[in-house]
Structures are given as structure tokens and as C-alpha cells.
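Those protein sequences? They're chains A and B, same order as listed.
With the working numbering applied, the first sequence has no gaps in its numbers, which climb one by one up to 194 at the end.
With the working numbering applied, the second sequence has no gaps in its numbers, which climb one by one up to 418 at the end.
Backbone N, C-alpha and C fix where the C-beta goes; we use that ideal spot for every residue, glycine too.
Remember, predicted model here, so these are calculated numbers, not experimental data.
Down below is the structure, laid out as C-alpha cells.
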Amino acid sequence: MTDTAAQRYTTVAIILHWVMAAAFVLMLASGLSMEYLELQKSFKFNLYQWHKSLGVLLLAAFALRLFWRLLHKPPALPASIKGLEAVAAKAGHIALYLCMLAVPLSGWAMVSSSNYGLPTIVFGLFEWPHIPKIAGNEAVNAAAKTAHWALAWLFIAAILGHVAAVVKHAAIDRENLLPRMWFSCARCKKSKPE
Amino acid sequence: MKKRLLNKKAVDAAADKIIQTLQSPKVQKRLLAFGIAKKIAFAAFFAFSLATAPAEAAEYSVDAKASKISFSGTHADTPFSGNFEEWTAVLTFDAGDLENSKFIATFNTASAKTGNAMYDGTLPQADWFDVKNHPQATFTTTAIAAKPDGSGYSATGDLTIRGVTKPVQFDFTLSDLAQSPVTAKATFTINRLDFDIGKKSDASAEWVSRDIAITIDITATPKN
């Protein structure tokens, strides 16, 4: 039986993981809605402001997460994952980190270069500055818009792959990896039923 | 009896005759008429001099604190409204001399406030008021005419926003000029795209209404 305690992420990493995961689901849902659904104007405008506000918080959370990650090495991959699977696992996590950074950054660039010139007021509390020097730059705006959209879809693919991998290891390999990313509890510690 | 050039009797007789003539009803009538005529002539001259004297349309001091210049429209199907908080105006008006009457307002575009932080942070930007390049907007009347039905006046003037000048025309009402202070009110609509306002980001008026209503409510007192 594996020593799950040694194979667990730190509590801070776990909290950041689940809070940001929930937030990203909201971001993707709202983003897709604004892009593909016919929404009532006033609702759509408010949704944009919430989406931007949460995006700012996620960018700050990512900075914290990256900082934490550099200081606390995560547990090694289980021995059962090797070869191509190990490469895929690594690539998947790199993709997730890339998206967590690039999606909000491209969104920030989009807002900063928009002709609309709306300030970003995070949940009505404080103003988040625009990226300087690109105000009204239509080329940057077009590029940022495309990047934001493409990276969002890449993010969806990476998340689905991430979840599918956990399900695959649990269902097919009979190895429950969830305890690695969950708080200590009697039930969670056991990876196989006694 | 000494011979004199002027015979006293003759002089007396002449004097009597003059007095008699003066006192005669005919002469008296004529004198009366002359007196009245004098008064009429004087009055006429007075009126004439008044009418042809250079007209001095009354200058008014506009009380910016008691006045308002506001704007309104819709954004995302939600109505919004705001005021210009910093502006100055000159009002010269004479109901009998509309040709020399005028209203000139200069307003600081950066002073546009709706009370909504999002809107107030957006209005000064390059695609909206562009306050960096156009810190002021102006309105100058070019003609004022009284409306034939007596319901007020009509003003034609040049409105300049973002360096774009367009003619506007609107009706305005004036309170009783004999009472001070005087209030002038008007409401008119402009097409913001005529002034390139929001032209790059929202030319189709998908978000911000194309029509923006402007209301002016001026309180002024005559300068003495």
C-alpha cells in the first residue's frame, strides 16, 4: 500500500487547485456563453464585467500558485505511470499551466487594446490597470482576441484530458490518484478498499 | 405838444391791439394747438431717438451652480444619464433684438459624470470624448428666432465636440424676462456618430445608443 501522505500535494497547492478549478469552470462557461449564446444585452454586459473581474483574481492566484510550485516540488508520478504515459502526463500539466497563464494574459491584452476603453473594475471594488502602450491598437486587439479564444479551447481539451486520465487510472489501472490532490481523511488515505 | 417819434397814445394803442389779438379766441386756439404740437414733437423725437439708438441687448450672468447641462442615452439597453460639471456660458438676450442675442457655452469634456464608475472611466477615453486631445466642447448660437405661435424661441447654432462641428437646431423656452432670475430650458437630440463619438468601438450602436439627448436648464440674472 502506498504511503499517500508522502504522495500528497501540499495543502496550499490542494486549495489553489480546487478553488482555481471551480473558477476556471465558471470562466469557460461564461466565456462560451458570451461567444456563442444570444444573451440579453444588459446581462451580457454584466457577465463580461464578472468574467474580467474573476480573470484578474485568477491571474493573481496563478502567480501565487507558480511561486508556491517553485518552492514546493510536487510528489513524483506513481511508479505505475511510465514511458509514453509519463511524457503525456508531463505534457498535459505543462499545457494546463500554460493555459492558466496565457488565457488571462490574452484577455488582459484584449481589454487593454480595445477601442471601447472600458476600465476594469474588479467586482466594483478596485480598478485593475490596462497593459500600457497598446490602447486602441487594433492589430494587438485582433491577435489577443484570437489567442484568447484558441487558448480557451486548448484549456478545455487539457482539462478534459486531465479528468479523463484520473478516471482512466482509477477505473482501468485500479489506481485512485485523487488522494494525491485531496485533504487528509481516513477514507481518502486508502487507495484500494481494505 | 412836443412831437415824438413814438406817440405814447399810438404805442399804447398798438400794445392794446397786440394784447387783444393774443387774447382773441382764434389766437388762443392756435397757441393751445402749438403747445400740444410742441409736446407731440418732443415725444416723437424722444421715441425716435430711442428707436434708432444702438440696441444694447441685455447681458446676463449665467449661474452655473443653479444650471444644468445634462446628457442621456442607453447602454446595453439600460438608460444612463449624466451632467457636465464644469462649464461656462455667456448669455446676451433681448426679445426685441434677437439678431444681437446669443448663447455661448464652453464645457470641459473631462467633467462629464454619470455616477457610474465604469461609464465615468470610459467617457474620457480616445473613442469617446477623447479629453486628452479635445478637453473642451462648445456650443455657439448662430441665430435665434421667436416662434410664431409664441410658445418660445428657436435657436440654431454650432456644436463642436471632439473637434467636429455640426449645426444643431432646437426650441427653447424662457421664463418671464421681467422677473429675475431668468430660466431658459431646452432639450434636443444629437447623433453621437456625427461627432465620431464611439465610432471605432460601437459604430453600429450595438451597445451605446446612437441618439443622445441633451438637456440645458440655465438660470441667469441680468448684469447691471
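| said: Taking the beta strand (DSSP E) that residue 262 of chain B belongs to, which residues open and close that run? | reply: Under the DSSP assignment, residue 262 of chain B falls in the beta strand (DSSP E) whose first and last residues are 262–269.
| task | Please classify residue 255 of chain B: does DSSP put it in a helix, a strand, or coil? | result | Look at residue 255 of chain B here: in three-state DSSP terms it is strand.
| task | Identify, in the order they occur along the chain, each residue of the same chain with its Cβ nearer than 7 Å to the Cβ of residue 249 of chain B, setting aside the five sequence neighbours on each side. | result | Its pLDDT being 48, under 50, residue 249 of chain B is placed unreliably by the model, and the measurement read from it follows with that caveat. These residues qualify, in order along the chain: 288, 291, 294.
| Touching by the beta-carbon criterion (3+ pairs, under 8 Å), the region 97–114 of chain A and the region 147–155 of chain A | Remark: three or more beta-carbon pairs, one from each stretch, lie closer than 8 Å, so the region 97–114 of chain A and the region 147–155 of chain A are flagged as touching.
| request: Could you name the residues of the same chain whose beta carbon sits closer than 6 Å to that of residue 30 of chain A, not counting the 5 residues immediately before and after it, in chain order? | output: Residues of the same chain with a CB within less than 6 Å of the CB of residue 30 of chain A, apart from the 5 flanking positions on each side, are 47, 51 in chain order.
| Where the beta strand (DSSP E) containing residue 287 of chain B begins and where it ends | Looking at the DSSP string, the run of the beta strand (DSSP E) that includes residue 287 of chain B is 281–287.
| request: Using 10 angstroms around the beta-carbon of residue 357 of chain B, count the other beta-carbons present and answer buried if the total reaches 16, otherwise exposed. | output: Exposed, since its Cβ has fewer than 16 Cβ neighbours within 10 Å.
| said: So with CB distances below 7 Å, who are the chain B contacts of residue 45 of chain A? | reply: Per Cβ cutoff of 7 Å: 270.
| Tell me, which residues are paired with residue 362 of chain B by DSSP? | Per DSSP, B/351.
| query | With distances taken from CA atoms, which of A/108, A/71, A/66, A/81 is nearest residue 94 of chain A? | reply | Residue 94 of chain A has its Cα closest to that of A/66, out of A/108, A/71, A/66, A/81.
| Could one say the Cβ of residue 129 of chain A lies closer than 8 Å to chain B's Cβ atoms, at least one of them? | Closer than 8 Å: no.
| query | With residue 181 of chain B and residue 254 of chain B assumed to form a contact (beta carbons below 8 Å), what rounded beta-carbon distance in angstroms separates them? | reply | In the structure as shown, chain B starts at 195 and stops at 418, and residue 181 of chain B therefore has no counterpart that could be examined.
| task | Please go through the same chain and pick out, in chain order, the residues whose beta-carbon is closer than 8 Å to the beta-carbon of residue 131 of chain A, but skip the five residues on each side of it. | result | Excluding positions up to five away in sequence, the list reads 108, 109, 112, 113.
| message | Does any residue of chain B have a CB that is nearer than 8 Å to the CB of residue 107 of chain A? | response | For residue 107 of chain A, the nearest beta carbon of chain B is not closer than 8 Å to its own beta carbon.
| query | From the beta carbon of residue 316 of chain B, is the nearest beta carbon of chain A less than 8 Å away? | reply | Yes, residue 316 of chain B lies at the interface with chain A (some Cβ there is under 8 Å from its Cβ).
| message | Any beta carbon from chain E within less than 8 Å of residue 136 of chain A's own beta carbon? | response | As a matter of chain content, chain E is missing from the structure shown, whose protein chains are A and B.
| request: Could you pull out every unbroken alpha helix (DSSP H) segment of at least 4 residues lying fully inside the region 94–131 of chain A, listed in chain order? | output: Segments of the alpha helix (DSSP H) lying fully in the region 94–131 of chain A: there are none.
| query | Under the three-state reduction of DSSP, which class applies to residue 276 of chain B: helix, strand or coil? | reply | Strand, per DSSP.
| Does any residue of chain B bring its CB to less than 8 Å from the CB of residue 145 of chain A? | It does not; no Cβ of chain B falls within 8 Å.
| said: Please confirm whether residue 36 of chain A has its beta-carbon closer than 8 Å to some beta-carbon of chain B. | reply: Residue 36 of chain A has a beta carbon lying at 8 Å or more from every beta carbon in chain B.
| request: On a CA-only basis, which of B/366, B/280, B/377, B/362 is nearest residue 412 of chain B? Give me that one, please. | output: The residue with the shortest Cα to Cα distance from residue 412 of chain B is B/377.
| Near residue 273 of chain B, what residues of its chain come up, given a Cβ to Cβ distance below 7 Å and the 5 sequence neighbours on each side ignored? | Once the five neighbours on either side are set aside, the close Cβ partners of residue 273 of chain B are 266.
| Applying the criterion that 16 or more other CB atoms from any shown protein chain within 10 Å of the CB defines a buried residue, is residue 167 of chain A buried or exposed? | Exposed.
| query | Does residue 194 of chain A have its Cβ less than 8 Å from a Cβ in chain B? | reply | Residue placement at residue 194 of chain A is poorly supported in this model, since its pLDDT is 39, which falls under 50; the coordinates still yield a value, given next. Taking Cβ atoms only, chain B never reaches closer than 8 Å to residue 194 of chain A, which makes this a no.
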